[in-house]
Amino acid sequence: MKIYTKTGDKGTTSLIGGDRVPKDDPRVNAYGTVDELTAFIAYLRDNMDGEQDNLELYRNDLLNVLEALMTVAALFATTSEAAKKVPPLQPERIAFLEKRIDEISAGLPPLTHFTIPGGHPLVSLAHICRTICRRAERMAISVGYDPALCGDAQIYLNRLSDYLYVLGRGLGMEFNAKEVYWMPER
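The numbering used here applies: residue 417 is where the sequence shown begins, and numbers increase by one.
Take a look at the structure:
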């Protein structure tokens with residue numbers, strides 16, 4: 417099977433279900449942003465390889481996230497007529513993120529101010545993932561997010577951005593990176 421089909425040469429692509437839409441269609445932007453997020457989360461996870469053994473739990477978390485994001489992207493790329501072709505995102509995926517947010521947060525100092533990303537490359541990369549996740553969430557809303565079609569995908573992205581924020585803080589603790597607080601000038 418050839419990787420190129422030439423069907424997109426004129427600026428259109430197919431949704432799951434067969435409808436052709438322009439490549440700048442809001443749906444394509446939404447699932448394309450989820451695809452970008454998936455690649456960056458894979459990069460974050462790969463950069464944890466060979467690091468401290470205590471990062472294995474985070475690596476496992478991110479594998480779970482990568483699997484869920486494939487479903488989220490597929491849901492955003494599916495027409496309502498083809499919705500049965502893509503399995504729904506399981507609510508357990510959201511519960512998993514909430515559980516991990518609570519577990520990681522329990523080991524962190526309470527927040528008193530906004531934090532400024534940085535302190536270690538993995539911390540910064542977690543925040544890059546968080547911002548892409550927020551953009552994916554905004555894109556999904558802009559296409560007229562359809563709960564009947566996408567199920568819990570929108571909720572998942574919202575919770576995932578929270579997880580990525582907490583992950584960044586947790587990684588900062590792992591690497592003894594000083595948390596820098598944003599202190600607005602008065």
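C-beta: ideal position from N, C-alpha, C; glycine also.
The structure presented is a predicted model; accordingly, all values stated were derived computationally and were not measured.
Counting C-beta pairs closer than 8 Å gives fewer than three between the stretch 441-450 and the stretch 507-514, which falls short of the contact rule. Between leucine 583 and alanine 542, the beta carbon gap of about 5 Å places them in contact (Cβ cut-off 8 Å). If you draw a straight line from the Cα of glycine 535 to the Cα of leucine 431, it comes to about 41 Å. Proximity of the stretch 592-599 to the stretch 519-536 meets the contact definition, three or more beta-carbon pairs being nearer than 8 Å. The C-beta distance from alanine 458 to leucine 482 rounds to 6 Å, short enough to fall under 8 Å.
Among the bridge pairs identified by DSSP, proline 438 is matched with Thr428. Beta bridge pairing from DSSP links isoleucine 544 with no other residue. In the three-state reduction of the DSSP assignment, threonine 454 falls in the helix class.
Assigned with DSSP and collapsed to three states, isoleucine 419 falls in coil, not helix or strand. In the same chain as valine 437, and ignoring 5 residues on each side of it, the C-beta atoms closer than 7 Å to its own belong to Thr428, Thr429, Leu431, Arg443 and Val444, in chain order. Taking the Cβ atoms as the reference, phenylalanine 492 lies roughly 14 Å from isoleucine 548, outside the contact range of under 8 Å.
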